[in-house]
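Asker: The listed protein sequences correspond, in order, to chains W, B and V.
If you use my numbering, the first sequence corresponds to residues 111 to 393, in order.
If you use my numbering, the second sequence corresponds to residues 147 to 512, in order.
If you use my numbering, the third sequence corresponds to residues 850 to 1134, in order.
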Amino acid sequence: MIPSIPQPRIVSLAYTGYVIAFFIFLGLPLVVVAVFAFNDSQFPSLPWEGFTWNWFFGSERPMIGVFHERSILRAIGTSAFVAVLVSILSVTVGLSNAFLFNRYRFRGQGILYIFMLLPLVVPGIVLGISILVFSSRVANGMWDVAHWDIEALRPGLTLVVLGQFSFIATISTLVLGARLQKFDRSLEEAAMNLGANRLTAVRTITLPYLGPAMVGAFVVAFLMSFENFNTTLMLVGSDAPLTIAMFDRLKEGSTPLLNAVSLLLMLGSSCLALVMIAFQKRG
Amino acid sequence: MYPDLECMNLTRRFGDTVAVDDVSFTVPAGSFFSILGPSGCGKTTIMRMIAGFLEPSSGDIHIRGRSVIDTPPNKRPVNMVFQHLALFPMMNIADNIGYGLRRAGVSKPEIEKKVEEALDRIGLPGIGARKVGELSGGQKQRVAIARCMVLEPEVLLLDEPLGALDLKLRERMKVELKALQAAFDTTFVYITHDQSEALVMSDRIAVMNEGRFEQVGSGQDLYYRPDTAFVAGFVGDANRWSGRIERVSGDEMEMRTDSGILMRGATHGRALSAGDRADVFVRPEAIRIAHSTEELAHFDNRITGKVESILFNGAASRILVQDSAGSGEIEVNLPQSGEFSGLSRGSEVQIGWSGAQGNCFAAEGS
Amino acid sequence: MRSEAKLGLILLLTPLLLWLSLLIFIPHVDMFLVSLRERVGVGEYKISLANYLTFINEPLYLHTFLRTAVMSILATMITLLIAFPVSYYIAKIARGRTQSALFLLCLVPFWVSELVRTFGWMILLRETGLISNLLQFLGLADGPVEMLYNDAAIMVGLVYTSMLFMVVPLVTTLESLPDEVIEAGYDLGGNGLSVLREIVIPHAAPGIVSGCIVVFMLSLGNYLTPTMLGGKDSLWFTELIYSQFIVRFNWELGAAFGFLLLGLSSLIVWGMLKLTGQSLEKTMG
């Protein structure tokens, strides 16, 4: 059970075998996706027709690579734009929430904290439709009352950003709150003792301490937004983020182009994750 | 009748390092045996081998005359009080104490009875329904012991269980542990790096260093008749001088210290001869302090020095004396009889001790 | 000083309240109100339970709902069974570098989109896929085998997608169990099974509960995996919601479905917390 308890050899061998099998299960789909990005064929499946870079750099039909496929490139841009907005919003609000729950005691705080957690236990698709229903009602109401057409309240990127933000904010609040919890308040007191006022103390001591956690929360928010499907699906308008664009293509049948995009996604998120780990280590 | 525990040529290697090096010892039934040593000396390794959590590289372990080398830890007739006690936080006190009995398939009413008895025995009746977190440090200690004792083990192993307690409680628990051992009449094997714990509680103590036993004996043996320089330095406090031996006759010897003082000491039968490098150990309480040389006339070692500092600590007060040759500070007990209350920093004092108190060992590495 | 503190409180409270009220609370209340509307003419509505009655009276809807719930519970249990030994291995058996490397390896698949993961399984499972080819190569099958578009494929996808959310809380709680406590269990006569039952599992309970809650939620609300791996007849409740909203424009019925999904997930989460005596703050925070 632990290394210091003697076990029959066969048991520990079987256990190790199980763990290896698990990691194969975990890795297989990703490896397969990556490998078939280089298949010189119209289909991401066997037989293997030889190695090619065309699904990345090809510029002629029928093999138009990722870097020449306008619609995919635009979808990547859209996703990145949405993700940056969502991350900024989430980290800002998360920071404010973390301070609120850590530094203040007020009536109804416990209830509010539970409320703050709820978006995590609401299915993403329900979050999406509730925001869709509400915003449409407001938009219709505005039109009826003042003949104002508020484009932002119709399905589109604004709603996508708000929808993703509505639950990613909880996650960044938790990440930042956990870090703030570990902060030694006496450091702030020391700063004030040395002549800083409260706000300066927070700015010069507490915020730098939270720095790595803020980077972490930003990266997590970025990745979650980039990957989000359920909420986005219900709120998307004509500009489709990458996951939706890929989903639409996948429904029509897949080419190794999708493998190539996927591989780029994997590389991109791995880089981001590495950045985050590097920052965490420094903190 | 067999001894409760017997270790024969026990050796354990981790890669190239030898954690326990050919250690043999026996622990008679009903005794309190301690293994005392600095951290990393291999005492925890011995303990874990006896409990069955580590396999010896070679050697054998007998309990009541039967080898337990091939017995898994859950079947060995020894139980262990862990360093951090390892009480099960997911169970209440009664379930903790009854855990081993449930494993042994004892009937429910029987378990209840035994748990109650055990709680009475450790002086905590009626706390069975409480949670682990609600107990104080000393209470947890006693529960951890009771949890093992209900199983009536042949040997109880204790792995520095007092380490986590604060000083006052530790002092009290020393006395309490000794009393519990007498009450349960079970063999205790206790490991610690704290000499006072070992000295106060044990019938016999093994001093361990770098994987080997340096000396096994009673507290008095270790304190007054250390076999090795390590024991002399590790058990109790001692002033230590290094130098070269000038003359040996019978049990007496003379050594010239590196700072040039001629010093008399005793070899206690150890083979030393003129020209050898050696260390002399003298306990602070063996050194007498006086205002004039005449009072010390009967001592064969006399030094004049200046008081460097006074370390007041009640009955254990000491002074540090700097000798005139400037060869370092000498720690000397300061009697609190009032005779030396006038001493202050810089006062000149005479100190002296008998050569028989100067324990001499061959220098390490020679 | 007091007024300064009050100002700070108000400043920090504002974004929280705006977020929770405008994006969470009011939209859900509104969705509930919409679900109670019945269309009686062009732009005319009355309050009724018609949408909920439709749900009850239409066997397909009810069946899909129950099927989604049962499959999600099943997926949660399978995920737990697969993840527990692995988490235990990472937390208590692997040491030092291996330990952190294995933990990191568990996280890797979840840095990429769920879409990519599902796509990977499609490549593996479809008729012309890798596994089908492998079976033919080994002589275990005569012709191409279609392994997509059935419940097993959905299950594989759900379990795979949720794995991380089970492994992480399990590893975290198991890691906090000192080796000493496990050793004490053995020292007092316990064997592997009884130590597991009486010490390891009770200790890991908070991790098990939070893992199960998240996995159940994610499975219940999943749209991508059942659609891609289960095909046309996958009958997942989220697909009904999607089609009512986007295809049929019957928002009233769609809202009712959404509310039912929310109700089911809340009920099971609440029940699981009550059953194990945990609280949402502790399991999530």
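All residues carry an ideal CB built from backbone N, CA and C; glycine is no exception.
Owing to the predicted nature of the structure, the values given are computational and were not obtained by experimental measurement.
Please report how far the alpha carbon of residue 389 of chain B lies from the alpha carbon of residue 160 of chain B, in whole angstroms.
Answerer: The residue you call residue 389 of chain B lines up with position 243 of the second sequence. The residue you call residue 160 of chain B lines up with position 14 of the second sequence. If I take the Cα positions, the gap works out to 37 Å.
Asker: Restricting to Cα atoms, I'd like to know which of V:881, V:880, V:879 and V:900 is closest to residue 889 of chain V.
Answerer: Translated into the one-based positions of the third sequence, residue 889 of chain V becomes position 40. Out of V:881, V:880, V:879 and V:900, V:900 has the C-alpha closest to the C-alpha of residue 889 of chain V.
Asker: Suppose you measure from the CA of residue 1127 of chain V to the CA of residue 244 of chain B; what does that come to, to the nearest Å?
Answerer: Numbered from its first residue, the third sequence carries residue 1127 of chain V at position 278. Numbered from its first residue, the second sequence carries residue 244 of chain B at position 98. If I take the Cα positions, the gap works out to 26 Å.
Asker: Is the Cβ of residue 207 of chain W closer than 8 Å to any Cβ of chain V?
Answerer: Residue 207 of chain W sits at position 97 when you count from the first residue of the first sequence. Yes, because at least one Cβ of chain V sits closer than 8 Å to the Cβ of residue 207 of chain W.
Asker: Determine the chain B residues that contact residue 116 of chain W at a beta-carbon separation under 9 Å, and present them in chain order.
Answerer: To locate residue 116 of chain W, count along the first sequence from 1; it is residue 6. Result: 198, 199, 201, 218 and 219.
Asker: At a CB-CB cut-off below 8 Å, which residues of chain V make contact with residue 166 of chain W?
Answerer: In the first sequence, the residue the question calls residue 166 of chain W occupies position 56. What residue 166 of chain W touches in chain V: nothing, since even the nearest Cβ is about 16 Å away.
Asker: So, at 8 Å on beta carbons, what are the nonlocal neighbours of residue 1014 of chain V in its own chain, with the 5 sequence-adjacent residues on each side left out?
Answerer: Reading the third sequence from its first residue, position 165 is the one you call residue 1014 of chain V. Cβ neighbours of residue 1014 of chain V beyond the five flanking positions: 1060, 1063, 1064 and 1067.
Asker: Who are the near neighbours of residue 289 of chain W in its chain, counting only those whose CB is closer than 7 Å to its CB and skipping five residues on each side?
Answerer: Against the first sequence, residue 289 of chain W aligns to sequence position 179. 320 and 323, listed in sequence order.
Asker: Write down the C-beta distance between residue 181 of chain W and residue 355 of chain W rounded to the nearest angstrom, noting that I regard them as a contact closer than 8 Å.
Answerer: Residue mapping note: residue 181 of chain W aligns to position 71 of the first sequence, counting from 1. Residue mapping note: residue 355 of chain W aligns to position 245 of the first sequence, counting from 1. Contact flag correct, Cβ pair sits at about 7 Å.
Asker: Which residue wins for smallest C-alpha separation from residue 1108 of chain V, given the options W:132, W:235 and W:146?
Answerer: Reading the third sequence from its first residue, position 259 is the one you call residue 1108 of chain V. Out of W:132, W:235 and W:146, W:235 has the C-alpha closest to the C-alpha of residue 1108 of chain V.
Asker: What does residue 1024 of chain V reach in chain B if we use C-beta pairs closer than 7 Å?
Answerer: Residue 1024 of chain V sits at position 175 when you count from the first residue of the third sequence. Here the premise fails: no neighbours, minimum Cβ distance about 15 Å.
Asker: For the segment 242 to 260 of chain B, which residues have a CB atom closer than 7 Å to at least one CB atom of chain V, in sequence order?
Answerer: Listed by position along the chain: 245, 246, 249 and 250.
Asker: Can you look up residue 361 of chain B in the DSSP assignment and give me helix, strand or coil?
Answerer: For the purposes of this step, residue 361 of chain B is identified with residue 215 of the second sequence, where counting begins at 1. Residue state, collapsed to three classes: strand.
Asker: Buried or exposed: which applies to residue 260 of chain B, given that a residue is buried once 16 or more other Cβ atoms fall within 10 Å of its Cβ?
Answerer: Against the second sequence, residue 260 of chain B aligns to sequence position 114. Label assigned to residue 260 of chain B: buried.
Asker: Taking just the CA atoms, how far does residue 918 of chain V sit from residue 1120 of chain V?
Answerer: Position 271 of the third sequence, counted from the start, is the residue given in the question as residue 1120 of chain V. Position 69 of the third sequence, counted from the start, is the residue given in the question as residue 918 of chain V. Their backbone Cα atoms lie some 14 Å apart in a straight line.
Asker: Can you give the Cα-Cα distance for residue 404 of chain B and residue 445 of chain B, rounded to whole angstroms?
Answerer: Taking the second sequence and counting its residues from 1, one reaches residue 404 of chain B at position 258. Taking the second sequence and counting its residues from 1, one reaches residue 445 of chain B at position 299. One C-alpha to the other measures close to 22 Å.
Asker: Would residue 387 of chain B be called buried (16 or more neighbouring beta carbons within 10 Å of its own) or exposed?
Answerer: As a first step, residue 387 of chain B must be located in the second sequence, where it is residue number 241. Classification of residue 387 of chain B: buried, given that the 10 Å Cβ count is 16 or more.
Asker: Determine the contact status of residue 317 of chain W and residue 204 of chain W, defining contact as a CB-CB distance below 8 Å.
Answerer: As a first step, residue 317 of chain W must be located in the first sequence, where it is residue number 207. As a first step, residue 204 of chain W must be located in the first sequence, where it is residue number 94. No, the Cβ-Cβ distance between residue 317 of chain W and residue 204 of chain W is not below 8 Å.
Asker: Between the alpha carbons of residue 340 of chain B and residue 150 of chain B, how many angstroms are there, rounded?
Answerer: Taking the first residue of the second sequence as position 1, residue 340 of chain B is located at position 194. Taking the first residue of the second sequence as position 1, residue 150 of chain B is located at position 4. Straight-line Cα distance between these residues: approximately 25 Å.
Asker: Mark residue 878 of chain V as exposed unless 16 or more other C-beta atoms lie within 10 angstroms of its C-beta, in which case mark it buried.
Answerer: Taking the third sequence and counting its residues from 1, the one referred to as residue 878 of chain V is at position 29. Looking at its Cβ environment, which holds fewer than 16 other Cβ atoms inside 10 Å, residue 878 of chain V is exposed.
Asker: Apart from the five residues on each side of it in sequence, which residues of its chain come closer than 7 Å, Cβ to Cβ, to residue 1073 of chain V?
Answerer: Taking the first residue of the third sequence as position 1, residue 1073 of chain V is located at position 224. Hits under 7 Å: 963, 964 and 967.
Asker: Could you tell me the alpha carbon to alpha carbon distance between residue 346 of chain W and residue 277 of chain W, rounded to whole angstroms?
Answerer: On the first sequence, position 236 is the one that residue 346 of chain W refers to. On the first sequence, position 167 is the one that residue 277 of chain W refers to. So the alpha carbons of these two residues sit roughly 17 Å apart.
Asker: Just the chain W side, please: which residues come within less than 9 Å of residue 975 of chain V by C-beta, in chain order?
Answerer: Against the third sequence, residue 975 of chain V aligns to sequence position 126. Simply 155.
Asker: Look at the alpha carbon of residue 147 of chain W and the alpha carbon of residue 360 of chain W, and state the distance between them as a whole number of angstroms.
Answerer: Position 37 of the first sequence, counted from the start, is the residue given in the question as residue 147 of chain W. Position 250 of the first sequence, counted from the start, is the residue given in the question as residue 360 of chain W. If you take the alpha carbons of residue 147 of chain W and residue 360 of chain W, they lie about 15 Å apart.
Asker: Looking at the strands, I want to know which residues DSSP matches up with residue 905 of chain V.
Answerer: Within the third sequence, residue 905 of chain V is the residue found at index 56, counting from 1. Paired residue(s): none; residue 905 of chain V is not in a bridge.
Asker: Whole-angstrom Cβ separation of residue 250 of chain B and residue 1038 of chain V, contact assumed at under 8 Å?
Answerer: Stepping through the second sequence from its first residue, residue 250 of chain B is reached at position 104. Stepping through the third sequence from its first residue, residue 1038 of chain V is reached at position 189. The pair is a contact, with the Cβ atoms about 6 Å apart (cut-off 8 Å).
Asker: Looking only at DSSP bridge pairs, what is residue 355 of chain B linked to?
Answerer: Here residue 355 of chain B is taken as the residue at index 209 of the second sequence, counted from 1. The partner list for residue 355 of chain B (beta bridge, DSSP) reads B:358.
Asker: Is the beta carbon of residue 189 of chain W less than 8 Å from the beta carbon of residue 1032 of chain V?
Answerer: Against the first sequence, residue 189 of chain W aligns to sequence position 79. Against the third sequence, residue 1032 of chain V aligns to sequence position 183. No, the Cβ-Cβ distance between residue 189 of chain W and residue 1032 of chain V is not below 8 Å.
Asker: State yes or no: is the beta carbon of residue 229 of chain B nearer than 8 Å to at least one beta carbon in chain V?
Answerer: Here residue 229 of chain B corresponds to residue number 83 of the second sequence, with the count starting at 1. Yes, residue 229 of chain B counts as interfacial toward chain V.
Asker: List, in chain order, every chain V residue whose beta-carbon is nearer than 9 Å to that of residue 293 of chain B.
Answerer: As a first step, residue 293 of chain B must be located in the second sequence, where it is residue number 147. Those within 9 Å of residue 293 of chain B in chain V are 1033 and 1037.
Asker: Leaving out five residues before and five after residue 383 of chain B in sequence, what residues of the same chain have Cβ atoms less than 8 Å from its Cβ?
Answerer: For this step, residue 383 of chain B is matched to residue 237 along the second sequence. The answer, listed in chain order, is 429, 430 and 477.
Asker: Examine the Cβ distances between the segment 337 to 351 of chain B and the segment 303 to 315 of chain B and report whether three or more of them are shorter than 8 Å.
Answerer: Yes, the segment 337 to 351 of chain B touches the segment 303 to 315 of chain B.
Asker: Would you please state the rounded distance, in angstroms, between the beta carbons of residue 90 of chain B and residue 349 of chain B? I believe it to be under 8 Å.
Answerer: No answer is possible for residue 90 of chain B: the residues shown for chain B start at 147 and end at 512.
Asker: What would DSSP say about residue 294 of chain W, mapped onto helix, strand or coil?
Answerer: As a first step, residue 294 of chain W is located in the first sequence; it is residue number 184 there, counting from the start. Looking at residue 294 of chain W - three-state DSSP - the assignment turns out to be coil, as it is neither helix nor strand.
Asker: Does the distance from the CB of residue 365 of chain W to the CB of residue 351 of chain W come in under 8 Å?
Answerer: Locating residue 365 of chain W in the first sequence gives position 255, where the first residue counts as 1. Locating residue 351 of chain W in the first sequence gives position 241, where the first residue counts as 1. Not in contact: residue 365 of chain W and residue 351 of chain W (Cβ atoms no closer than 8 Å).
Asker: By the 10 Å Cβ neighbour count, where 16 or more other Cβ atoms means buried, how is residue 158 of chain W classified, buried or exposed?
Answerer: Residue 158 of chain W sits at position 48 when you count from the first residue of the first sequence. Exposed.
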